[in-house]
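Novice:
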Amino acid sequence: MSHKGRSQPVTQDWVEYIQGACSPEKADTLESLLLEDDSALAAYMQVMNDLGPKLPGLEYEQQFIDNVMDALPSEDKDAKRGANENWRRRWYEHRMFHYAVAACITLVFLSTGWFDKLGPETLQKAGTSGQPTYGEKLVHVTTGWLDRLKP
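Residue numbers for the sequence shown follow my numbering, beginning at 27 and rising by one.
1) Count the other CB atoms, across all protein chains shown, that sit within 10 Å of the CB of tyrosine 70; report buried if there are 16 or more and exposed otherwise.
2) Measuring alpha carbon to alpha carbon, tell me which of Leu175, Leu144, Arg174 ends up nearest lysine 163.
3) May I ask you to report which of helix, strand or coil DSSP gives glutamate 119?
4) Using the beta-carbon count (16 or more within 10 Å), is serine 28 buried or exposed?
5) Quick check for students: name the residue ranges of the alpha helix (DSSP H) that lie wholly in the stretch 30 to 99, counting only runs of 4 or more.
6) So, are the CB atoms of leucine 59 and proline 35 less than 8 Å apart?
7) Could you check whether the stretch 71 to 79 touches the stretch 35 to 48, counting it as contact only if at least three pairs of C-beta atoms, one from each stretch, sit closer than 8 Å?
8) In or out: leucine 56 buried (at least 16 other Cβ within 10 Å) or exposed?
The following block contains the structure:
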């Protein structure tokens, strides 16, 4: 900077920065100062206001605006990106697959009568003997079957 004793750059430093005439090290220092110090930002904005009419205009202004707008995230792009990410997932990673598997297992248990064996009278009979209950058998068979399904 022009005045090393000062913590704030002088107006000439901002003019050089805006016109691109300062060194890369000085530009980095000024940019970090813009991020950290509100008074430096205010001074920079004042110099930008003063130099605004003297600065050259954009040659392809509409193209520049379109490029900036395309680079910004939008809700539509996020929704499309989310849909594409869901589409790329493998079929067995979808929620509906797991719901369908659970429904199929429930139907198998209903059709084979597993839930009939879990009635109160059956549980009372099984609870007095030394054999495992139907619930324990059911849990053991189900966990074994699910362990074999895991990739």
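Quick reminder that beta carbons are idealized off the backbone N, C-alpha and C, glycines included.
Specialist: Concretely, from the data shown:
1) Buried, by the Cβ-count rule.
2) Leu144
3) Residue state, collapsed to three classes: helix.
4) Below a pLDDT of 50, predicted positions are generally treated as unreliable, and serine 28, at 42, falls in that range; the measurement from the model is reported next regardless. Under this definition serine 28 is an exposed residue.
5) If only complete runs of 4 or more residues are kept, the stretch 30 to 99 shows the alpha helix (DSSP H) at 37 to 45, 50 to 62, 64 to 77, 87 to 97, in order along the chain.
6) In this structure, proline 35 lies closer than 8 Å to leucine 59 by Cβ.
7) yes
8) Counting C-beta atoms within 10 angstroms of its own C-beta, leucine 56 has 16 or more neighbours from the protein chains shown and is therefore classed as buried.
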